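Enquirer:
There are 2 protein chains.
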Amino acid sequence: MGHSRAEKAKTHKRIVSIASKKFREEGLAGVKIAELMKEAGLTVGGFYKHFDSRDVLVAEAVGSAFGGWKRRVDAAVSGGLGISLSKMIDDYLNTAHRDDPGAGCAFSALAPEIARGDKRIRALTTEQVRNDIQLIAGLLPDNDPRTARSLAILTFSALVGAMSLARAVSDQALSREILKTVAERLKNFVSETPGS
Amino acid sequence: MGHSRAEKAKTHKRIVSIASKKFREEGLAGVKIAELMKEAGLTVGGFYKHFDSRDVLVAEAVGSAFGGWKRRVDAAVSGGLGISLSKMIDDYLNTAHRDDPGAGCAFSALAPEIARGDKRIRALTTEQVRNDIQLIAGLLPDNDPRTARSLAILTFSALVGAMSLARAVSDQALSREILKTVAERLKNFVSETPGS
DNA sequence: ATTATCTATAGATCTATAGATAATGC
DNA sequence: ATTATCTATAGATCTATAGATAATGC
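Note that the protein sequences, when read in sequence, are chains C and F. Yeah, the first sequence ends on 232 if you go by this note's numbering, and it's all consecutive. Yeah, the second sequence ends on 232 if you go by this note's numbering, and it's all consecutive.
Okay, here's the thing in structure tokens:
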């Protein structure tokens, strides 16, 4: 017991990171504080020196999940020679992402619970949706900005919906069909749509 | 106390109906049995003569939510002169549906919780997804069956994703933009896509 | 002296059950 | 006699807090 402030900051980040993963895996309501702290190598008692309440952690962890996804895409965009929309779609709609929600998109894992969430979470979410729409629009072939935005919104919706459905069904063939079909259709669609 | 068997059957249906609504509104984890029974005009004690466990009710209520949606679409299809895809899209992607999840589509309200659910719920869900894909494919202009199925899967995914996102964001203008844009794009898309 | 974490627990809540009550249905 | 519902509660669980402990940091 009794650690430095630097260590406390590290601990804080570790708790948030684990929570972010667990919330996406088990839902915002499904994660217990004691369990979470244990996974972080700590005990329940310490929790409230890090967060005023459970809800504060939820907001921080959801924000962290958004941040992780953003960093990942940003890295892909600026890292190599940029990322194509096609690559982004394949990076999203695959079975690895489907089977590891804890490391994946927070929208497909948590959207309905976020919709029931408090102001803070929904504000974070609004900002993130705006960012993602612009990000996808930027990856589209050079349509006029309005068309690009509109196609980006459709693409984003289809990605989130396809992953949600692919996870909800128990038949693996149907699940894969959903991922594959939506990926193909989105790629064709976007490249073929005329500029208005 | 002490009622007829016919009344018990009615009571059972009433509990399931209220549960189905509440689960879509508050999530599968958010509904308390005592609260639910009170809304049905009953008390907690009677619950377990109707359901072996809470999970049994969840499965029945999710099935009921699917059934309700199916009846609604079936009625629309056979009722008038049939329903167009365009009508169906508008019937789904509007603010009334967004603001009343309890009476709406179970996928956009519950998909991530269903994905974490038990076998029974996921089996029900698989069947329902299959039905909905076929239903949407049947509403599409006469493409070949494969194309129709593929477009139906994209359409279904986009509907569910758009509603999920529209509910998750707090900015009303953005929320409406998502609904409106996806509705328009889907309508254009489907009518313009060549038969392969 | 301050504080990061721990142990222990109060208080609230939720599922499920036991036993009582008042009807139905043979 | 059977049973649909009620009242009451046991048992489990979860959030949050109180007070102790062992470090840091002035």
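Every residue, glycine too, gets a C-beta built ideally from N, C-alpha and C. Predicted model only: the values in this text are computed from it and were never measured.
Buried or exposed: which applies to R158/F, given that a residue is buried once 16 or more other Cβ atoms fall within 10 Å of its Cβ?
Expert: buried
Enquirer: Classify V218/F as helix, strand or coil using the three-state DSSP reduction.
Expert: helix
Enquirer: Measuring only the C-alpha atoms, how far is A111/F from I169/C?
Expert: So the two alpha carbons sit approximately 36 Å from each other.
Enquirer: For the alpha helix (DSSP H) holding G153/C, just list the boundary residues, first then last.
Expert: For G153/C, there is no enclosing alpha helix (DSSP H), as DSSP marks it with neither H nor E.
Enquirer: What is the DSSP secondary structure of N179/C, reduced to helix, strand or coil?
Expert: In the three-state reduction of the DSSP assignment, N179/C falls in the coil class, being assigned neither a helical nor a strand state.
Enquirer: Within 8 Å, do at least three Cβ pairs link the segment 190-208 of chain F to the segment 198-215 of chain C?
Expert: Yes, since at least three Cβ pairs between the segment 198-215 of chain C and the segment 190-208 of chain F fall closer than 8 Å, the two stretches touch.
Enquirer: Using the Cα positions of F83/F and V205/C, report the straight-line distance between them to the nearest angstrom.
Expert: Each residue's Cα considered, the two are about 29 Å apart.
Enquirer: Less than 9 Å between the C-beta atoms of V218/F and L121/F, yes or no?
Expert: no
Enquirer: Classify P181/C as buried or exposed, calling it buried when 16 or more other Cβ atoms lie within 10 Å of its own Cβ.
Expert: exposed
Enquirer: So for K57/C, helix, strand or coil by DSSP?
Expert: helix
Enquirer: Measure from the C-beta of D207/F to each C-beta in chain C and report whether the shortest distance is under 9 Å.
Expert: yes
Enquirer: When burial is assigned at 16 or more other CB atoms within 10 Å of the CB, is Q164/F buried or exposed?
Expert: With 16 or more other Cβ atoms within 10 Å, it is buried.
Enquirer: Quick check: is any heavy atom of the ligand MG less than 8 Å from the C-beta of I69/C?
Expert: Ligands in the displayed structure: none, and consequently the ligand MG is not present.
Enquirer: Show which residues of chain F have a CB atom less than 7 Å away from the CB atom of S186/C.
Expert: T217, R221
Enquirer: Can you tell me whether DSSP reads T79/C as helix, strand or coil?
Expert: coil
Enquirer: Specify the secondary structure class of S232/F as computed by DSSP and reduced to three states.
Expert: Here S232/F scores only 43 on pLDDT, less than 50, and its place in the model should not be relied on; the value that follows carries that caveat. Of the three classes helix, strand and coil, the one that applies to S232/F here is coil, per DSSP.
Enquirer: Hey, G63/C and P148/F are a contact pair by Cβ (cut 8 Å); roughly how many whole angstroms apart?
Expert: 7 Å
Enquirer: Does the beta carbon of G63/F come closer than 9 Å to any beta carbon on chain C?
Expert: yes
Enquirer: What span of residues does the alpha helix (DSSP H) with L121/F cover, start to end?
Expert: 121-128
Enquirer: Quick one, are the C-beta atoms of L176/C and A184/C less than 9 Å apart?
Expert: yes
Enquirer: Would you say E213/F faces chain C, with C-beta separation under 9 Å as the test?
Expert: yes
Enquirer: Can you list, in chain order, the residues of its chain whose CB lies under 6 Å from that of R50/F, leaving out five sequence neighbours each side?
Expert: A76
Enquirer: Identify each residue in the segment 62-93 of chain C for which the Cβ-Cβ distance to at least one residue of chain F is less than 8 Å, and report them in chain order.
Expert: E62, G63, A65, G66
Enquirer: Any C-beta of chain C within less than 9 Å: which residues of the segment 141-153 of chain F qualify?
Expert: Of all residues in the segment 141-153 of chain F, those with a C-beta nearer than 9 Å to a C-beta of chain C are F143, S144, A145, L146, A147, P148, E149, I150, A151, R152, G153, reading in chain order.
Enquirer: If we count the other Cβ atoms within 10 Å of its Cβ and call it buried at 16 or more, is T161/C buried or exposed?
Expert: buried
Enquirer: Using only CA atoms, which one of K74/C, Q208/C, H39/C lies nearest to A55/C?
Expert: K74/C
Enquirer: With burial defined as no fewer than 16 other Cβ atoms inside 10 Å of the residue's Cβ, what is the status of G99/C: buried or exposed?
Expert: buried
Enquirer: If you draw a straight line from the alpha carbon of V130/F to that of K123/C, how long is it in whole angstroms?
Expert: Per the sequence presented here, residue 130/F reads as Asn, with Val not at that position. Going from the Cα of N130/F to the Cα of K123/C covers about 32 Å.
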